[in-house]
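*Asks:* In the UniProt record's numbering, the protein residues as written are 1 to 283.
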Amino acid sequence: MSAPPPTGPLVTRDTVATQLRLLGVETGETLLVHSSLSSLGWVNGGAVAVVQGILDALGPSGTLVVPTQTGDQSDPAVWSSPPVPEEWWDRIRATMPPYDPLITPTRGVGVVPETVRTWPGALRSAHPQTSFAAVGPQAKLVTDGHATDCRLGERSPLARLERMGARVLLLGAGYDSCTAFHLAEYRIPAPRVQVGRPAPGGGWETVVEVSITSDRFDELGHDFERDRPVVRGKVGAADARLFPVADAVAYAERWLPLHRPREEEFPPPPPLPAPLERGDPRA
């Protein structure tokens with residue numbers, strides 16, 4: 001039995017570029033994109049066409065930034081999707097390949113960021129678990145200086161994007177994917193956690209980091225959109241939202257202390273979001 005035909009809409013590189021311009025994406029700006037390829041419809045050319053369309057909308061003077069996280073560069077003791085046997089943990093820690101910005105693939109962020117990671121001229125930041133990749137004239141400025149003990153804080157590309165006046169584009173992705181909100185977690189009282197990962201020269205290391213979690217980010221995003229200017233529209237079949245990084249961070253700094261548990265009541269979150277499961281719309 002043959003598979004049913006796609007329901008569409010048919011989306012092309014030109015569709016993405018044209019509809020992003022109509023949404024308000026400006027030539028020459030810096031854009032942090034969170035995306036869901038499957039939400040767009042039937043894309044002729046897949047992730048490559050989407051990246052080309054975004055770059056067309058930005059023009060040669062614009063810069064595209066995406067999260068290129070590597071959640072599997074973490075302690076197997078906290079893995080849950082799926083877990084691994086406890087008797088494997090020590091061996092996994094001893095043999096896990098260290099992070100290499102050039103070859104370590106993304107995990108859990110979808111196919112568009114993985115495509116950007118390997119794009120000609122792309123640069124990638126140094127953090128072994130929460131890196132960002134960028135293409136365009138501002139790529140080096142965005143990705144340089146990502147401290148390896150600062151996942152998403154003041155010494156990460158997020159703070160650099162905030163200072164640069166960059167905007168966030170949610171392209172079929174929800175507010176639970178909005179990494180800009182995490183920068184606010186570094187500016188309010190928050191617990192610290194020990195984070196394990198492969199060491200750069202081999203072996204295993206543990207660093208102390210701010211605890212980060214996307215818990216209630218969907219509610220935070222709902223209130224943010226209610227109270228602050230957010231440009232909304234469609235790209236293909238996908239809902240698209242456009243707003244400044246700085247606005248999102250400032251709103252989250254006020255919202256999180258009121259709506260999240262106090263520091264001493266925080267449950268211990270996993271160091272990074274769980275990897276994508278089959279069927280996840282971000283895939």
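Idealized CB from N, CA, C, for every residue including glycine.
Please return the same chain residues whose Cβ sits closer than 6 Å to the Cβ of G24, not counting the five positions on each side in sequence.
*Replies:* Counted from its first residue, the sequence shown places residue 24 at position 24. For G24, where only same-chain residues beyond five positions count, the Cβ hits under 6 Å are V231, L242.
*Asks:* Which partner residues does H34 have in the DSSP bridge list?
*Replies:* Translated into the one-based positions of the sequence shown, residue 34 becomes position 34. DSSP lists L170 as partners of H34.
*Asks:* Just to confirm, is the Cβ distance from V207 to D247 under 9 Å?
*Replies:* Stepping through the sequence shown from its first residue, residue 207 is reached at position 207. Stepping through the sequence shown from its first residue, residue 247 is reached at position 247. Not a contact, by the Cβ cut-off of 9 Å.
*Asks:* Thinking C-alpha only, which one of N44, V78, V66 is nearest W119?
*Replies:* Indexing the sequence shown from 1 puts residue 119 at position 119. For W119, the nearest C-alpha among the options comes from V66.
*Asks:* In the DSSP assignment, the alpha helix (DSSP H) including Q194 goes from what residue to what residue?
*Replies:* Walking along the sequence shown from the start, residue 194 turns up at place 194. No alpha helix (DSSP H) holds Q194; the beta strand (DSSP E) holding it covers 192-198.
*Asks:* For L10, which residues in the same chain have their Cβ closer than 8 Å to its Cβ, ignoring the five residues on either side in sequence?
*Replies:* Position 10 of the sequence shown holds residue 10. Same-chain partners within the cutoff: G41, W42, N44.
*Asks:* In the segment 35-111, which residue ranges form an unbroken beta strand (DSSP E) of at least 3 residues, counting only runs that do not cross its ends?
*Replies:* Listed in chain order, the complete beta strand (DSSP E) runs (minimum 3 residues) inside the segment 35-111 are 63-67.
*Asks:* By a C-beta neighbour count over all protein chains shown, 10 Å radius and 16 as the cutoff for buried, is P128 buried or exposed?
*Replies:* Residue numbering aside, residue 128 sits at position 128 when the sequence shown is read from its first letter. So P128 ends up on the buried side.
*Asks:* Does DSSP put V135 in a helix, in a strand, or in coil?
*Replies:* By one-based count along the sequence shown, residue 135 stands at place 135. The answer is strand: DSSP assigns V135 an E or B state.
*Asks:* How far does the alpha helix (DSSP H) with L256 in it extend, from its first residue to its last?
*Replies:* Here residue 256 corresponds to residue number 256 of the sequence shown, with the count starting at 1. Unbroken alpha helix (DSSP H) run through L256: 245-259.
*Asks:* Assign T115 to one of three DSSP states: helix, strand, or coil.
*Replies:* If you number the sequence shown from 1, residue 115 lands on position 115. If DSSP states are grouped into helix, strand and coil, T115 belongs with the helices.
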